[in-house]
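To convert a position in the sequence shown, counted from 1, into this note's numbering, add 2.
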Amino acid sequence: MTQKVVVIYSGGMDSFTVLNKALQEGHDVYALSFDYGQRHVKELKVAAQVCEKLNVPHKIVDISAINQLIGGSSLTDDIDVPEGHYEEESMKSTIVPNRNMILLSLAVGYAVSLKASQVYYGAHSGDHAIYPDCRPEFVKKMDDLCRIANYDAVEIFSPYLNNTKIDILTDGIKMGLDYSQTWTCYNGREKACGKCGACQERLEAFKLNDVTDPLEYEL
Ligand SMILES: [Zn+2]
Numbered sequence: 003m004t005q006k007v008v009v010i011y012s013g014g015m016d017s018f019t020v021l022n023k024a025l026q027e028g029h030d031v032y033a034l035s036f037d038y039g040q041r042h043v044k045e046l047k048v049a050a051q052v053c054e055k056l057n058v059p060h061k062i063v064d065i066s067a068i069n070q071l072i073g074g075s076s077l078t079d080d081i082d083v084p085e086g087h088y089e090e091e092s093m094k095s096t097i098v099p100n101r102n103m104i105l106l107s108l109a110v111g112y113a114v115s116l117k118a119s120q121v122y123y124g125a126h127s128g129d130h131a132i133y134p135d136c137r138p139e140f141v142k143k144m145d146d147l148c149r150i151a152n153y154d155a156v157e158i159f160s161p162y163l164n165n166t167k168i169d170i171l172t173d174g175i176k177m178g179l180d181y182s183q184t185w186t187c188y189n190g191r192e193k194a195c196g197k198c199g200a201c202q203e204r205l206e207a208f209k210l211n212d213v214t215d216p217l218e219y220e221l
């Protein structure tokens, strides 16, 4: 059955896959991106281009004001983005405190206003080690909460919650998606750096799928 759904869409490969999945399931999709003062807006530009192409209504909401309250992340502050494997301790500097709870709350508010029944959210198991707010126990409780927080229940739907990034890419390749329309790198330069945790994780996913990443890298 066609439903109205909100998709939290960052412009990265996971949420790009989730966005396309919701569309291929035949839903009436509203994409939502957040500008929380990321060090670069390249992801958001890519997100806007994709939505325009797919003819999906898209909002980019500036929530950078929250940085007055929460900070200390290398993704928003002037701290070096760590290089190395994404499951390493150093990656904890990429945590934006309470980020996903804030983003999901806003997305659910948008869903209620639109009379949408679900918020699609691209959490996956590769993030469980470092980001507590990507873990199943968090998503489950947020889902429970969002079903009772308003007169209209909203479901938090994370289709890849127990899958890896590698599985997500496998699914996206099956769907025939073009990943040159995604941006993953934590640095916002012309080409992806190939060194940051996000690039490494992405490259690993392509390698394990036996597919060449269509993005250009500095390496
Ligand atoms: Zn990178």
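We put the beta carbon where it would ideally sit given N, CA and C, even for glycine.
Presumed contact (8 Å Cβ cut-off) between valine 63 and valine 31, rounded CB distance: That belief does not hold up - the Cβ atoms of valine 63 and valine 31 are roughly 17 Å apart, past 8 Å.
DSSP three-state assignment for leucine 179, whether helix, strand or coil: In the structure shown, the three-state DSSP call for leucine 179 is coil.
Top-ranked residue by Cα proximity to glycine 128, from Leu217, Asn57 and Pro138: The candidate whose alpha carbon is nearest that of glycine 128 is Pro138.
Beta-carbon gap between asparagine 152 and valine 114 smaller than 8 Å: Yes, these two residues count as a Cβ contact at 8 Å.
Proximity test, tyrosine 181 beta-carbon vs ligand 1 heavy atom, cut-off 7 Å: No.
Segment contact flag, the region 143 to 150 with the region 182 to 192, C-beta cutoff 8 Å, min 3 pairs: The region 143 to 150 is not in contact with the region 182 to 192.
Proximity test, glycine 13 beta-carbon vs ligand 1 heavy atom, cut-off 7 Å: With a cut-off of 7 Å, the C-beta of glycine 13 is classified as distant from ligand 1, since no heavy atom of the ligand falls inside that distance.
Simplified DSSP assignment, three categories, for lysine 142: It is helical.
Through-space distance from glutamine 202 to tyrosine 188, alpha-carbon basis: Distance between tyrosine 188 and glutamine 202, taken at the CA atoms: about 11 Å.
Cβ-based burial, serine 160 [other Cβ within 10 Å; buried from 16]: Serine 160 is buried by the Cβ-count criterion.
Residues that glutamate 54 bridges to, as DSSP identifies them: DSSP output for glutamate 54 lists no bridge partner at all.
Beta-carbon gap between leucine 46 and glycine 13 smaller than 8 Å: Cβ distance < 8 Å, so leucine 46 and glycine 13 count as in contact.
Outcome for lysine 209 when other beta-carbon atoms lying within 10 angstroms are tallied against a minimum of 16: A residue is called buried once 16 or more other Cβ atoms fall within 10 Å of its Cβ, and lysine 209, having fewer, is exposed.
Backbone secondary structure at aspartate 173 - three-state DSSP: Reduced to three states, the DSSP call for aspartate 173 is helix.
Inter-residue Cα distance where the pair is arginine 149 and alanine 118: When rounded, the distance between both Cα atoms is 12 Å.
heavy atom of ligand 2 below 7 Å from asparagine 102 C-beta: Ligands displayed in this structure: ligand 1; ligand 2 is not among them.
Straight-line gap, glutamine 40 to tyrosine 219 (C-alpha atoms, nearest Å): Distance between the alpha carbons of glutamine 40 and tyrosine 219 is about 21 Å.
Rounded distance between the beta-carbons of cysteine 136 and histidine 100, thought under 8 Å: Position check: residue 100 holds asparagine in this sequence, whereas histidine was assumed. Actually they do not touch by this definition, with Cβ atoms about 13 Å apart.
Best match in Pro216, Thr166, Leu205 and Arg191 for proximity to valine 43 [C-alpha to C-alpha]: When each option's Cα is compared against that of valine 43, the closest is Arg191.
C-alpha gap between tyrosine 122 and phenylalanine 140, whole angstroms: Rounded to whole angstroms, tyrosine 122 to phenylalanine 140 spans 15 Å at the Cα level.
Neighbour-count burial assignment, aspartate 16, 16 or more Cβ in a 10 Å radius: By the Cβ-count criterion, aspartate 16 is buried, with 16 or more other Cβ atoms from all chains shown falling within 10 Å of its own Cβ.
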